[in-house]
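Here our numbering is used: the first residue of the sequence shown is 3, the next is one more, and so on.
Note that the Cβ used here is the ideal one computed from N, Cα and C, for glycine as well.
Since this is a predicted model, take the numbers as computed values, not measurements.
Input: a single structure, listed below in structure tokens.
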Amino acid sequence: MNKIAIIGSGGSGKSTLSMLLGKQLNLPVYHLDSLYWRPGWQRMETTQWVTLQKELCNKAHWIIDGNYQSTLDIRIQACDTIIFLDVNRFKCIYRAIKRTFTSKNRPDMGKGCNERIDFAFIKFLWRYPNKSRPILIDKLNTVAKDKRIIIVRSAKQALQLCK
3 MNKIAIIGSG GSGKSTLSML LGKQLNLPVY HLDSLYWRPG WQRMETTQWV TLQKELCNKA
63 HWIIDGNYQS TLDIRIQACD TIIFLDVNRF KCIYRAIKRT FTSKNRPDMG KGCNERIDFA
123 FIKFLWRYPN KSRPILIDKL NTVAKDKRII IVRSAKQALQ LCK
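Next up, the structure:
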């Protein structure tokens, strides 16, 4: 495993797993949220965003965590391993709410982007299994013969990957 893409719903544990795996495997970790969001929750310009991800994916070794379905194909084509955190929506919502109250400045978030939660984000998390998950499953099925795909459904399974 030299190039690992970690994907899943918000609150599924992507950043936590990527940091643990990065230490275990001695791989650099790139959190897409920290790269995409500018201070005050301003988005990166689309062309720049695509270019940045292509540059990251051209490196020899990496772990990249994040969804961003508009650029997911870049990471899927470049990686050798995909870890899909397929976590229950209730757990994801709980974790997202919890981290709002426990971590004001996450290291995996852009500078000047304090943790927040709003109805739109909760709605996104709620709809993820029915709206985004099927798209991801289809993408995973199309690359299954060429990539190592690991589906993680619990924190226990995630921790086992780090051993």
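Open item on the list: So, with DSSP's three-state summary, where would you put V154?
Closed with: V154 falls in the strand class under three-state DSSP.
Open item on the list: Could you check if N69 belongs to the surroundings of the ligand MN, using beta carbon to heavy atom distance under 7 Å?
Closed with: Annotation note on the ligand MN: not contained in the displayed structure, which lists no ligands.
Task: Inter-stretch contact at 8 Å, needing at least 3 Cβ pairs: the stretch 115-130 / the stretch 48-55 - done: Using a Cβ-Cβ distance cut-off of 8 Å, the stretch 115-130 and the stretch 48-55 are not in contact, since fewer than three pairs of beta carbons, one from each stretch, lie closer than that value.
Open item on the list: I'd like the ranges of any alpha helix (DSSP H) spanning at least 4 consecutive residues and lying wholly in the stretch 89-123.
Closed with: Complete alpha helix (DSSP H) runs here, min 4: 91-104.
Task: One or two residues paired with F126 in a DSSP bridge - done: According to DSSP, F126 bridges with nothing at all.
Task: DSSP-derived helix/strand/coil call for Y38 - done: helix
Task: Range of the contiguous beta strand (DSSP E) that encloses D67 - done: 64-67
Task: Cα-Cα separation, S11 to F92 - done: 11 Å
Task: In DSSP terms, what R45 is bridged to - done: W39
Task: Strand pairing of K5, partner residues [DSSP] - done: W64
Task: F86 and L163 closer than 8 Å at C-beta - done: no
- [ ] Can you tell me which of M111, K149, L161 puts its alpha carbon nearest to the alpha carbon of G42?
- [x] M111
Open item on the list: When you compare the CB positions of R77 and I65, do they come within less than 8 Å of one another, or not?
Closed with: no
Task: Contact check, L34 vs I6, beta carbons under 8 Å - done: I6 sits away from L34, with the two beta carbons spaced by 8 Å or more.
Open item on the list: Spatial neighbours of N60 within its chain, please: C-beta separation below 8 Å, excluding the five flanking residues on both sides.
Closed with: Answer for N60: A80, listed in chain order.
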